[in-house]
Amino acid sequence: MPELQKYTVAIIGGGPAGLMAAEVLIAQGVQVDLYDAMPSVGRKFLLAGKGGMNLTHTEAEPAFVARYGARAEQIAPMLQDFNPEALRAWVHKLGIPTFVGTSGRVFPTDMKAAPLLRAWLKRLRDAGVRFHMRHRWLGWDDAGHLHFSTPEQELHIKPDAVVLALGGASWARLGSDGKWLATLEQQGIHSAPLQPANCGFEVAWSTHFRERYAGQPIKPVIATYLDQQGQLQQRQGEFVISESGVEGSLIYALSSALREQINSTGSATLTLDLAPGKSAERVLEEVSHPRGSRSMASHLQSKVGIAGVKAGLLHEYLSKEEYTQPAKLAAAIKAVPLQLLAARPIDEAISSAGGVLFEALDAQLMARSKPGVFCAGEMLDWEAPTGGYLLTACFASGRIAGQGALDWLRAQA
């Protein structure tokens with residue numbers, strides 16, 4: 318450790334990945350300076366925790382790793398170093414108790430992000446990490462120094478190593494705007510384009526439907542989707558009608574495949590079962606039952622449990638004539654097609670896909686074209702569904718980048 322005390326590492330980005338890299342480095346005696354463009358660190362972390370801070374998930378390892386899709390092979394080694402159990406133990410050492418919800422998700426007992434972040438920042442400051450707020454990174458100058466803009470002045474610094482943890486491009490108001498792509502490309506650090514992940518989609522609602530039902534949830538429902546590989550994906554859950562289309566947990570869970578389908582063909586279609594638990598035969602039988610003087614709306618509600626926004630959705634799809642035909646109405650209840658036209662803008666998304674290609678980095682996340690520069694967190698080219706998977710990989714990649722910087726500095730000694 319004494320041989321590392323002469324080194325200074327700059328970490329750019331104060332989210333979970335950058336803070337974790339700082340923790341790894343400061344523990345070995347390296348001087349750590351953390352820079353962030355915002356007035357305080359962890360802003361997206363805090364906002365993500367407003368509805369309940371989902372830290373990780375207790376899902377078995379093979380299924381957990383599979384959540385990272387095409388990048389599971391690259392994420393798996395990071396999780397070996399810092400898996401969900403290790404993350405939970407780390408949180409406990411900060412004095413924050415946790416519990417496992419019925420879905421297998423792990424939360425702080427008080428469900429809040431702020432106490433965890435406060436405890437973590439105190440530990441980092443006590444260890445000697447220096448925080449520099451309102452420092453916007455502008456890239457490297459002609460001398461190869463890091464160039465920052467601050468409210469007072471322009472800064473040019475030359476650390477011994479750099480960890481970039483710049484985030485993706487969702488929720489830009491919290492500090493991650495994706496503008497770093499062009500800067501890194503100039504240095505030969507190649508990226509895939511940033512795209513929305515865990516996002517909503519646009520649907521061509523009628524004015525009547527949008528004005529009457531925007532903001533209302535549809536539940537329970539089963540969504541079925543045939544992906545580009547010909548595999549049938551099916552999930553039960555709920556989603557919300559928005560002004561522009563659909564959003565919510567069920568949509569987010571399928572968003573990666575839906576986005577890629579839209580990119581490829583211009584649209585994607587979800588098939589919705591509005592009466593899960595009832596067979597197609599049962600629905601047809603109930604719908605065909607004589608309704609006497611009752612309205613069709615009352616008939617559907619009493620016999621099949623279809624009312625409100627679900628009934629409105631059927632009216633969007635069926636003509637007035639078809640709505641009176643039991644066979645067509647029953648078929649629609651069990652399989653109403655919902656055409657998605659485009660993903661909503663990336664700034665509205667929970668997270669982003671794309672980013673620095675793993676092929677541009679070595680196993681310790683150091684840029685092959687720029688030795689001593691490491692990348693971590695959401696700025697890497699991976700994506701995952703909500704449920705703690707995003708945060709776990711951000712923590713784990715920050716640890717790998719921090720350890721990589723340590724190993725690289727030792728090799729320079």
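Sequential numbering from 318 applies to the sequence shown in the numbering used here. Glycine included, every Cβ here is placed at the ideal spot set by N, Cα and C.
Taking TYR569 as reference, the option from LEU491, ARG661 and PHE526 with the minimal CA-CA separation is ARG661. Taking one beta carbon from each stretch, the region 338-350 and the region 360-368 have fewer than 3 pairs nearer than 8 Å; the two do not touch. For ILE539, the enclosing beta strand (DSSP E) has its first and last residue at 534-543. DSSP places GLY456 inside the beta strand (DSSP E), whose first and last residues are 453-457. Per the DSSP secondary-structure output, PRO654 pairs in a beta bridge with THR588. Here PHE448 is buried. Its C-beta has 16 or more other C-beta atoms within 10 Å.
Of the candidates LYS536, THR586 and LEU491, the residue whose Cα lies closest to the Cα of PRO356 is LEU491. Distance from the CA atom of GLY484 to the CA atom of LEU726, rounded to whole angstroms, is 24 Å. The shortest CA-to-CA distance from THR588 to any of LEU567, GLU598 and GLY505 is the one to LEU567.
Between the C-alpha atoms of ILE663 and PRO607 there is a straight-line separation of about 49 Å. The way I'd put it, the region 467-482 doesn't touch the region 507-520; fewer than three beta-carbon pairs between them come closer than 8 Å. Only exposed fits VAL417, as fewer than 16 other CB atoms lie within 10 angstroms of its CB. Between the alpha carbons of LEU631 and LEU575 lies a distance of about 22 Å. Contact between PHE691 and ALA722 is confirmed by a C-beta separation of about 5 Å, below the 8 Å threshold. Counting along the chain, PHE416 sits inside the beta strand (DSSP E) bounded by residues 415-417. Spanning the alpha carbons of PRO425 and THR375 requires a straight line of approximately 14 Å.
Relative to the Cα of PHE465, the nearest Cα in the group THR419, LYS536, ARG451 and ILE392 belongs to ARG451. Under the three-state reduction of DSSP output, MET370 falls in the coil class, being neither helix nor strand. By the beta-carbon neighbour count (other beta carbons within 10 angstroms, threshold 16), ARG716 is buried.
Annotation for LEU364: the continuous alpha helix (DSSP H) segment containing it runs 360-365. Closest in alpha carbon position to ARG388, among VAL673, ALA728 and ASN371, is VAL673.
For ASP350, the pairing in a beta bridge is given by DSSP as ALA327 and ARG447.
By the criterion of a C-beta distance shorter than 7 Å, ASP494 is surrounded in its chain by ALA486, once the five residues flanking it on both sides are discounted.
Nearest to VAL520 by alpha-carbon distance, out of ALA460, VAL479 and GLY583, is GLY583.
For CYS711, the three-state secondary structure derived from DSSP is helix. Here VAL358 has GLY331 as same chain residues with Cβ atoms under 6 Å from its own Cβ, once five neighbours each way along the sequence are excluded. In the DSSP assignment, GLY562 is bridged to GLU519. For the options GLY562, VAL538 and GLU560, the alpha carbon positioned closest to that of GLN551 is the one of VAL538. Sorting ALA592, GLN504 and GLY562 by C-alpha distance to the C-alpha of ALA540 places ALA592 at the top. Residue pairing by DSSP places GLY594 opposite no residue, since no beta bridge is assigned to it. When LEU697, GLY386 and VAL382 are compared, the shortest CA-CA separation from PRO394 is found for VAL382. Under the DSSP assignment, ILE343 falls in the alpha helix (DSSP H) whose first and last residues are 333-343.
Rounded to whole angstroms, the separation of the alpha carbons of LEU501 and LEU321 is 27 Å. Apart from sequence neighbours up to five positions away, the residues of its chain that approach SER619 with a beta-carbon distance below 8 Å are ARG611, ordered along the chain.
Of the candidates GLU555, TRP437, TRP457 and GLY629, GLY629 places its Cα closest to the Cα of PHE526. Note on geometry: alpha-carbon atoms of ALA652 and LEU404 lie some 41 Å from one another.
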